[in-house]
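Quick note: the sequence shown uses this note's numbering, first residue 126, plus one each step. In this text, a Cβ means the ideal position worked out from N, Cα and C, and glycines have one as well. Here is the structure we will look at.
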Amino acid sequence: MRYFIELSYNGKGYHGWQNQPNAISVQEVVEKALTTVLPEQISIMGAGRTDAGVHATQMFAHFDTDAVFELPKLIFKLNSFLPNDIAIRDIFKVKPDIHARFHALSRAYLYRVALNKNVFTFENSLFVKQTLDVDKMNEAAKILFDYKDFQCFSKTHTDVKTYNCDIMQAEWLVKDDELHFVIKANRFLRNMVRAIVGTMINIGLGKMEVDELHSIIKSKNRSEAGFSVPAHGLYLTDVEYPKDIK
Numbered sequence: 126m127r128y129f130i131e132l133s134y135n136g137k138g139y140h141g142w143q144n145q146p147n148a149i150s151v152q153e154v155v156e157k158a159l160t161t162v163l164p165e166q167i168s169i170m171g172a173g174r175t176d177a178g179v180h181a182t183q184m185f186a187h188f189d190t191d192a193v194f195e196l197p198k199l200i201f202k203l204n205s206f207l208p209n210d211i212a213i214r215d216i217f218k219v220k221p222d223i224h225a226r227f228h229a230l231s232r233a234y235l236y237r238v239a240l241n242k243n244v245f246t247f248e249n250s251l252f253v254k255q256t257l258d259v260d261k262m263n264e265a266a267k268i269l270f271d272y273k274d275f276q277c278f279s280k281t282h283t284d285v286k287t288y289n290c291d292i293m294q295a296e297w298l299v300k301d302d303e304l305h306f307v308i309k310a311n312r313f314l315r316n317m318v319r320a321i322v323g324t325m326i327n328i329g330l331g332k333m334e335v336d337e338l339h340s341i342i343k344s345k346n347r348s349e350a351g352f353s354v355p356a357h358g359l360y361l362t363d364v365e366y367p368k369d370i371k
C-alpha cells in the first residue's frame with residue numbers, strides 16, 4: 126500500500142529536507158520514526174527539497190508498507206516519537222502510482238520580513254531596518270508573470286534540465302508589522318524564492334529600479350540578481366495535488 130504523510134516542521138535544526146551523508150535532515154528523522162513505529166525499513170519521498178533552515182507549514186511525502194495499522198494510532202505514536210520541531214498532521218492511503226513529488230500540481234512559499242525589531246520573531250523572519258516601498262515591490266512581483274525562464278534566480282551548478290517555472294501567484298502583503306511575500310508556481314529552482322525576495326528588497330530600498338528586473342531575468346545570470354535572503358524567514362506553505370489521488 127502507498128500512503129501520503131502530511132507534516133510540518135521548523136527547519137532551524139536541520140540541513141534541509143533531503144538526506145545528507147554528514148548532516149541531520151528532516152527526511153532522515155521521519156524515516157527513522159516510521160521504521161521504529163511500524164516496524165520495518167521505511168523510505169519516504171518528499172514533495173520537494175527545502176534547503177537548510179527552511180521551514181514547512183505543509184509538506185507531503187509518500188511511503189510504501191505492507192504493515193497493518195490504525196491511522197489515528199500511528200499518527201499519535203509518530204508524534205510521540207518525533208522531536209518537537211516535526212509534527213505529523215495526517216496520513217492517508219493513495220493510489221499505488223501516485224508520487225508525492227511528480228504528481229504535485231503546485232507549491233507555495235511564504236517569506237516573512239519583519240518591519241520592527243521583535244524579540245519573539247527574529248528567528249523566524251528577516252528584520253529590515255530601512256523603510257521599504259511596498260508598491261514598487263508589488264510592481265516588480267507582477268513582472269514575474271511575464272517570464273518562464275528564471276535561471277537568474279537559480280543557484281549555480283544545479284543539475285536541472287530546465288529553468289522554466291510557471292508562476293501562478295506572486296505578491297507582497299502587509300500583515301501587522303510584517304511584510305509577507307507569497308509566491309506559487311508549478312515548480313521552483315534551488316534558492317529561487319530567496320533570490321527573488323533579495324532582489325525585490327533591493328527594489329524596495331531604492332537600490333534598484335523596478336524595470337531593471339526585466340534585464341536581470343533576461344540575463345539568465347545569477348550575479349545580476351540581488352542577494353539571497355536568509356533561510357530562516359522562508360516557509361513552504363502549500364502543496365496542491367489532483368483531487369483523485371486517493
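1. What's the gap between the Cα of residue 201 and the Cα of residue 231?
2. Kindly indicate the opening and closing residues of the beta strand (DSSP E) around residue 183.
3. Put residue 305 into one of helix, strand or coil per three-state DSSP.
4. Beta-carbon separation of residue 239 and residue 303 under 9 Å?
5. Can you have a look at residue 135 and say buried or exposed, based on whether 16 or more other CB atoms are within 10 angstroms of its CB?
6. Strictly by DSSP, which residues pair up with residue 297?
7. Per DSSP, residue 364 forms a beta bridge with which residues?
8. Looking at the structure shown, is residue 165 part of a helix, part of a strand, or coil, going by DSSP?
9. My output table needs one value for residue 315: the three-state DSSP class, helix, strand or coil.
10. In chain order, what residues of the same chain have a beta carbon less than 6 Å from the beta carbon of residue 373, not counting five sequence neighbours either side?
11. From this set, 226, 194, 369 and 142, which residue's C-alpha is nearest residue 211's C-alpha?
12. Taking the beta strand (DSSP E) that residue 379 belongs to, which residues open and close that run?
13. Using DSSP with H/G/I as helix, E/B as strand and the rest coil, what is residue 289?
14. What span of residues does the alpha helix (DSSP H) with residue 259 cover, start to end?
15. Does DSSP classify residue 240 as helix, strand or coil?
16. Is the stretch 170 to 177 in contact with the stretch 352 to 370, if contact means three or more CB pairs nearer than 8 Å?
17. Is the stretch 326 to 345 touching the stretch 157 to 170 in the sense that three or more CB pairs, one from each, lie closer than 8 Å?
18. Would a C-beta distance cut-off of 9 Å place residue 280 and residue 347 closer than the cut-off?
19. Going by beta carbon distance, what residues of the same chain come within less than 8 Å of residue 186, once the five residues before and after it are set aside?
With the structure as the only source:
1. 29 Å
2. 180 to 189
3. Of the three classes helix, strand and coil, the one that applies to residue 305 here is strand, per DSSP.
4. yes
5. buried
6. Within the DSSP secondary-structure output, residue 297 pairs in a beta bridge with 306.
7. As DSSP reads the structure, residue 364 sits in a beta bridge with 232.
8. coil
9. coil
10. Past the edges of the chain, shown from 126 to 371, lies residue 373, and the structure says nothing about it.
11. The residue with the shortest Cα to Cα distance from residue 211 is 142.
12. The structure shown does not extend to residue 379, since the chain is modelled only from 126 to 371, so the question has no answer here.
13. strand
14. 259 to 268
15. coil
16. yes
17. By the criterion of at least three beta-carbon pairs nearer than 8 Å, the stretch 157 to 170 is not in contact with the stretch 326 to 345.
18. yes
19. 129, 130, 132, 152, 155, 169, 170, 171, 172 and 225
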